[in-house]
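Visitor: Here it is, the structure in full.
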Amino acid sequence: MRRCFVAGGLILGLAAHAQPPAAAPAGVPGGNLGPGGNQPAYITPYRKATVEDTAAVLERIRGYLDAATVGKIVDRQTNAEITDFSQPNPNATFERGEGITYQPVGYEWGVTYAGMLLAAEATGDARFNEYTARRLKMLSDALPMARALQAAAPAGAPAGGAPGGPGGGGARGGGRGGLNLRSMIAPGALDDAGSMCAALIKAGRAGVGPDLRPVINTYIDWISHKQYRFPDGTLARMRPQADTLWLDDLFMSVPALAQMGKLTGDRVYFDDAVKQIEQFSARMFNPQLGVYMHGWSMSAPEHPEFHWARANGWAIMAMVELLDVLPEDHPGRPEVLRQLRAHIKGLASYQAPTGFWHQMLDMPDSYQETSATAIFTYCIAHAVNRGWVSPVAYGPVANLGWNAVASKVNAKGQVEGTCVGTDLAFDLAYYYYRPTSPTAAHGYGPVLLAGAETIKLLKNDAFNITSAFGVIQFVPKK
21 MRRCFVAGGL ILGLAAHAQP PAAAPAGVPG GNLGPGGNQP AYITPYRKAT VEDTAAVLER
81 IRGYLDAATV GKIVDRQTNA EITDFSQPNP NATFERGEGI TYQPVGYEWG VTYAGMLLAA
141 EATGDARFNE YTARRLKMLS DALPMARALQ AAAPAGAPAG GAPGGPGGGG ARGGGRGGLN
201 LRSMIAPGAL DDAGSMCAAL IKAGRAGVGP DLRPVINTYI DWISHKQYRF PDGTLARMRP
261 QADTLWLDDL FMSVPALAQM GKLTGDRVYF DDAVKQIEQF SARMFNPQLG VYMHGWSMSA
321 PEHPEFHWAR ANGWAIMAMV ELLDVLPEDH PGRPEVLRQL RAHIKGLASY QAPTGFWHQM
381 LDMPDSYQET SATAIFTYCI AHAVNRGWVS PVAYGPVANL GWNAVASKVN AKGQVEGTCV
441 GTDLAFDLAY YYYRPTSPTA AHGYGPVLLA GAETIKLLKN DAFNITSAFG VIQFVPKK
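In my numbering, each number is its position in the sequence shown, counted from 1, plus 20.
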């Protein structure tokens with residue numbers, strides 16, 4: 021049974037925070053039926069997505085991000101671009117200025133680089149790869165100087181001099197401390213390492229950007245050997261609460277381990293990735309609901325469950341990323357595939373009629389959230405394309421999800437309705453009242469991935485997509 025939270029003034033408070041439903045498409049009025057009483061007035065467009073419209077949405081995002089993401093390193097006193105990195109410059113910093121919003125490094129941007137790579141593949145538009153190549157070259161060029169500045173900085177001081185630079189990367193990217201690339205040089209958490217590691221390996225395999233194998237090795241060394249683990253090997257956190265699991269950490273580790281297994285051929289990485297899926301799932305997956313809780317505490321394992329949407333997104337994406345490269349003969353593959361199918365079945369049951377998923381999956385009075393909807397859309401479409409789940413059952417879920425996501429990309433190319441960064445909490449109000457923002461970095465990579473995979477879904481020749489009798493159906497050709 022789905023739970024609904026209807027307590028006192030909370031629902032009244034939510035009314036001011038919750039997002040309004042997406043606008044009805046042109047020519048479709050409000051109410052239950054359209055003109056003549058025989059055409060449903062869907063809030064989100066109920067139609068087959070098109071390659072052309074989807075590609076246009078992706079291009080709007082690329083254009084916005086190309087202008088809004090750091091693309092060069094400058095001297096903060098003269099604002100002149102630095103191109104010679106042979107000597108340490110204590111004034112070096114990421115460019116600043118109106119419209120510069122996002123750091124070029126951090127787990128959110130690992131997802132964004134992966135999304136750009138997939139968008140280039142799906143559309144054939146090289147500008148998506150150019151976005152990634154330009155930033156990775158900048159980081160590669162700057163790393164020797166950043167290492168020298170970090171080595172010379174007093175303990176506790178930010179590398180690169182005085183604070184400055186755009187938000188979005190925080191301490192991971194170091195935009196608040198000049199040319200601080202600490203997360204690439206000496207990562208200190210899974211957030212620093214996993215997403216970027218996976219993206220760098222994918223970029224290298226696609227021939228996009230410079231060779232960053234030393235950084236990849238640094239990242240994977242942290243994940244495999246330095247991150248805190250439970251005695252059974254499960255990757256865990258000691259702060260802010262000791263001995264806790266964050267569902268987010270499946271994505272902050274498994275894709276990197278999987279990609280490293282693909283890169284090196286060493287099955288130890290695949291074994292570790294499968295173990296993380298199995299051991300997180302044993303503690304955190306609710307088989308009755310078909311979804312995961314966000315956090316789990318070893319000190320109080322009977323605590324309440326909160327089914328935060330984006331964390332479920334990180335979990336399902338970790339499974340998809342692993343299955344993409346996990347050898348067919350690996351003994352853990354059937355269990356990972358079974359878990360993915362169980363999760364997809366559970367998630368599909370919580371999709372709203374608008375195509376969105378809610379901030380709290382099983383609580384429809386919580387607001388509709390874009391980044392999680394995009395992740396679910398990407399993963400379900402990808403599972404259909406790979407033949408892991410039925411196109412008949414889940415193709416329409418992905419199609420409706422993309423129509424919902426596309427309605428949240430505004431004319432500037434910004435993604436609206438994305439929940440900002442969220443910590444682990446053991447009270448419901450915290451999750452309910454997390455704000456949304458069009459500058460939240462978490463929304464862009466998922467939407468790029470969802471759109472690119474939707475294009476692949478539309479081009480998939482294993483089935484026809486029809487709208488006979490007013491219903492979207494995916495009809496296998498065989």
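Using N, Cα and C, we set each Cβ at its ideal position, and we do this for glycine too.
Since this is a predicted model, take the numbers as computed values, not measurements.
#1: Would you kindly report the start and end of the unbroken alpha helix (DSSP H) that includes Q296?
#2: Mind reading off the beta-carbon distance from Y84 to Q434? Whole number of angstroms is fine, and I expect it under 8 Å.
#3: Helix, strand or coil for D252, going by three-state DSSP, please let me know.
#4: In chain order, what residues of the same chain have a beta carbon less than 7 Å from the beta carbon of L105, not counting five sequence neighbours either side?
#5: Are at least three pairs of beta-carbons, each pair with one atom in the stretch 441-452 and one in the stretch 472-483, less than 8 Å apart?
#6: On a CA-only basis, which of R257, A87 and A88 is nearest A209? Give me that one, please.
#7: Answer yes or no: do A278 and A293 have a C-beta to C-beta separation smaller than 8 Å?
#8: Can you say whether F552 is buried or exposed, counting buried as having 16 or more other CB atoms within 10 angstroms of its CB?
#9: Once DSSP output is grouped into helix, strand and coil, what is the label at R147?
#10: Could you tell me if E101 is buried or exposed, where buried requires 16 or more neighbouring beta carbons within 10 angstroms of its beta carbon?
#11: State buried or exposed for P60, treating a residue as buried only when at least 16 other CB atoms are found within 10 Å of its CB.
#12: Over the uninterrupted beta strand (DSSP E) stretch that includes D95, give me the two end residues.
#13: Would you mind stating whether T264 and S317 have Cβ atoms separated by less than 8 Å?
#14: Indicate the three-state DSSP secondary structure (helix, strand or coil) for E348 in the structure shown.
#15: Spell out a yes or no on whether the stretch 66-73 and the stretch 126-140 are touching, meaning 3 or more CB-CB pairs, one atom from each, closer than 8 Å.
#16: Distance, Cα to Cα, T393 vs Q107?
#17: Which residue from A112, H327, G126 and N423 puts its Cα closest to that of L169?
#18: Going by alpha carbons, who is nearest to P347 out of A302, G285 and A401?
#19: Going straight from the alpha carbon of R233 to that of T374, what length do you get?
#20: For the stretch 424-438 and the stretch 451-467, state whether three or more C-beta atom pairs, one from each stretch, are separated by less than 8 Å.
#21: Which same chain residues end up closer than 7 Å to K92 when comparing Cβ atoms and leaving out the 5 residues on each side of it in sequence?
Guide: Let me lay it out:
#1: For Q296, the enclosing alpha helix (DSSP H) covers residues R287 to M304.
#2: Approximately 6 Å separates the beta-carbon atoms of Y84 and Q434; this is inside 8 Å, confirming the contact.
#3: In the structure shown, D252 falls within a coil segment according to DSSP collapsed to helix, strand and coil.
#4: For the record, residue 105 in the displayed sequence is Phe; it is not Leu. Correct list, in chain order: D161, A162, P164 and M165.
#5: The stretch 472-483 and the stretch 441-452 do not touch, with fewer than three beta-carbon pairs separated by less than 8 Å.
#6: A209 has its Cα closest to that of R257, out of R257, A87 and A88.
#7: Contact check for A278 against A293 passes: the beta carbons are separated by less than 8 Å.
#8: In this structure the chain extends from 21 to 498, so residue 552 is not present and cannot be described.
#9: Collapsing the DSSP output to three states places R147 in a helix.
#10: Classification for E101: exposed.
#11: Classified as exposed, P60 has fewer than 16 neighbouring CB atoms from the shown chains inside 10 Å of its CB.
#12: In the DSSP annotation of this structure, the continuous segment of the beta strand (DSSP E) that includes D95 starts and ends at I93 to D95.
#13: Their beta carbons are under 8 Å apart, which means T264 touches S317 by this criterion.
#14: In the three-state scheme derived from DSSP, where H, G and I count as helix and E and B as strand, E348 is classed as coil.
#15: Because the criterion of three Cβ pairs below 8 Å is not met, the stretch 66-73 and the stretch 126-140 do not touch.
#16: Q107 has its alpha-carbon roughly 46 Å from the corresponding atom of T393.
#17: Checking every option, the nearest Cα to that of L169 belongs to A112.
#18: The shortest C-alpha to C-alpha distance from P347 to any of A302, G285 and A401 is the one to G285.
#19: A direct Cα-Cα distance of roughly 43 Å separates R233 from T374.
#20: Segments in contact, yes.
#21: When the five nearest sequence neighbours on each side are left out, the beta carbons in the same chain lying within less than 7 Å of the beta carbon of K92 are those of E101, E115 and M158, in order along the chain.
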